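Numbering (our numbering), first residue to last: 1 to 217.
We put the beta carbon where it would ideally sit given N, CA and C, even for glycine.
All values reported here derive from a predicted model rather than from experimental measurement.
Comments concern the structure below.
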């Protein structure tokens, strides 16, 4: 569940920021301020500041119907499609796809992440080449509004009311799945479509619909 176990930091502009923490959810608190600082240091030959505290790489493609809320950074060769809603505090890496009607809030997307169809990703970090199938979402607030706890052995309190999902590099989430608050999925694991995931899933595993987890061969 530690940052070094989940992510290859060579695939994000957030590498130096994330190295300051042990667990990825610890980084959620300061994402907004850090993006502003990073944006102000970006090479103006590569990035346009299209609005206050909104930086878009010159090679990125942003649909005219997309909303880019401040602060956010859209990386090289990334595509932000029709009616995407980026509420703010979002770092979107290079080669990413943010699809139609997808909503992002307080997130770090590593390079080559795909959230292409009707996804909600809030208070979450998605690793290199992570992919969320159509309609899959992160749930970032518990129904009783209590503080989120990471369900592991032992359990780890986050001290935060809002924690979405931490997806390691190469994670595949099936269509219409719900990742409950504080879900952590290890590298190269797969989640079956229509799953309701809670707790932690080890790397190189398959999470099935009924909650059974098997290891890949």
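Candidates the options: closest to residue i by CA position
{"i": "residue 186", "options": "199, 85, 89 and 60", "result": "199"}
{"i": "residue 193", "options": "118, 204, 159 and 209", "result": "209"}
{"i": "residue 30", "options": "3, 157, 51 and 89", "result": "89"}
{"i": "residue 64", "options": "8, 207 and 84", "result": "84"}
CB-CB length for residue i against residue j, believed under 8 angstroms
{"i": "residue 181", "j": "residue 141", "result": "6 angstroms"}
{"i": "residue 104", "j": "residue 86", "result": "5 angstroms"}
{"i": "residue 177", "j": "residue 136", "result": "4 angstroms"}
{"i": "residue 134", "j": "residue 72", "result": "Contact flag wrong, Cβ pair sits at about 23 angstroms."}
{"i": "residue 171", "j": "residue 127", "result": "7 angstroms"}
For residue i, three-class secondary structure by DSSP
{"i": "residue 71", "result": "coil"}
{"i": "residue 39", "result": "helix"}
{"i": "residue 120", "result": "strand"}
{"i": "residue 214", "result": "strand"}
{"i": "residue 17", "result": "helix"}
{"i": "residue 79", "result": "strand"}
Cβ shell of residue i (< 6 angstroms), same chain only, five flanking positions each side left out
{"i": "residue 162", "result": "123, 140 and 141"}
{"i": "residue 183", "result": "165 and 197"}
{"i": "residue 68", "result": "54 and 86"}
Buried versus exposed call for residue i [16 or more other C-beta atoms within 10 Å across all chains shown]
{"i": "residue 82", "result": "exposed"}
{"i": "residue 49", "result": "exposed"}
{"i": "residue 79", "result": "buried"}
{"i": "residue 46", "result": "exposed"}
{"i": "residue 211", "result": "exposed"}
{"i": "residue 43", "result": "exposed"}
Close beta carbons around residue i, own chain, < 7 angstroms, minus the five adjacent residues each side
{"i": "residue 159", "result": "147"}
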